[in-house]
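Using this note's numbering, the letters of the sequence shown map in sequence onto residues 39 to 181. Backbone N, C-alpha and C define an ideal beta-carbon position, used for all residues, glycine too. None of the values given here were measured: they were computed from a predicted structure. See structure below.
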Amino acid sequence: MITGSYIRRPFIILRHGITYGPRMRDELVIPSFLRNALNDKPIIIAGDDSQFRNFVYVEDLVEARVSAISEKAQNQAYNLEGFRPITIREIAETIRRLLKNGVRMPARLDDYVGQQVSAENVKNELEWEPKTDFEEGMCRTLL
Numbered sequence: 039m040i041t042g043s044y045i046r047r048p049f050i051i052l053r054h055g056i057t058y059g060p061r062m063r064d065e066l067v068i069p070s071f072l073r074n075a076l077n078d079k080p081i082i083i084a085g086d087d088s089q090f091r092n093f094v095y096v097e098d099l100v101e102a103r104v105s106a107i108s109e110k111a112q113n114q115a116y117n118l119e120g121f122r123p124i125t126i127r128e129i130a131e132t133i134r135r136l137l138k139n140g141v142r143m144p145a146r147l148d149d150y151v152g153q154q155v156s157a158e159n160v161k162n163e164l165e166w167e168p169k170t171d172f173e174e175g176m177c178r179t180l181l
């Protein structure tokens with residue numbers, strides 16, 4: 039009886055990539071790489087450096103969540119992601135370029151490669167897409 043009432047309740051599912059930006063969790067890859075670079079330590083890249091993650095800047099994610107508070111979004115699922123997948127090597131190279139230092143990047147084996155998903159329905163139905171490209175988001179994160 040109670041279970042049946044849940045089936046008729048409206049829902050919205052928001053699946054998002056890894057959120058990055060100011061005050062992100064310390065254990066994530068970007069803060070870890072930044073900490074090492076700022077302390078003149080090597081940035082360790084697991085695997086063959088081709089693995090990627092789907093990052094979304096925190097301010098873009100907030101806008102997407104606000105967009106999802108609408109009748110159009112009821113009973114839908116959306117993937118909230120950045121413009122494109124970012125390789126782990128690209129993160130390290132972006133940090134090195136922005137900090138203008140010679141960060142070392144030795145490789146490490148066996149890391150999760152990544153998975154790309156489509157965010158077309160959130161773009162078409164809620165008219166949301168990210169505004170902040172990865173490099174701009176990293177600049178804001180470093181400030």
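- Burial check for residue 119: the Cβ neighbour count within 10 Å reaches 16 or more, so the residue is buried.
- Counting C-beta pairs with one atom in each stretch, the region 120-127 and the region 159-174 have three or more that are closer than 8 Å, which means they touch.
- Taking a 10 Å sphere around the C-beta of residue 61, we find fewer than 16 other C-beta atoms and assign the residue as exposed.
- Its chain contains 136 as the residues whose beta carbon lies nearer than 7 Å to that of residue 180, once the 5 sequence neighbours on both sides are disregarded; these appear in chain order.
- Around the Cβ of residue 90, a 10 Å sphere holds 16 or more other Cβ atoms; the residue is buried.
- Within the same chain, 50, 51, 159, 163 come within 8 Å of residue 114 by CB-CB distance, once the 5 residues on both sides are set aside.
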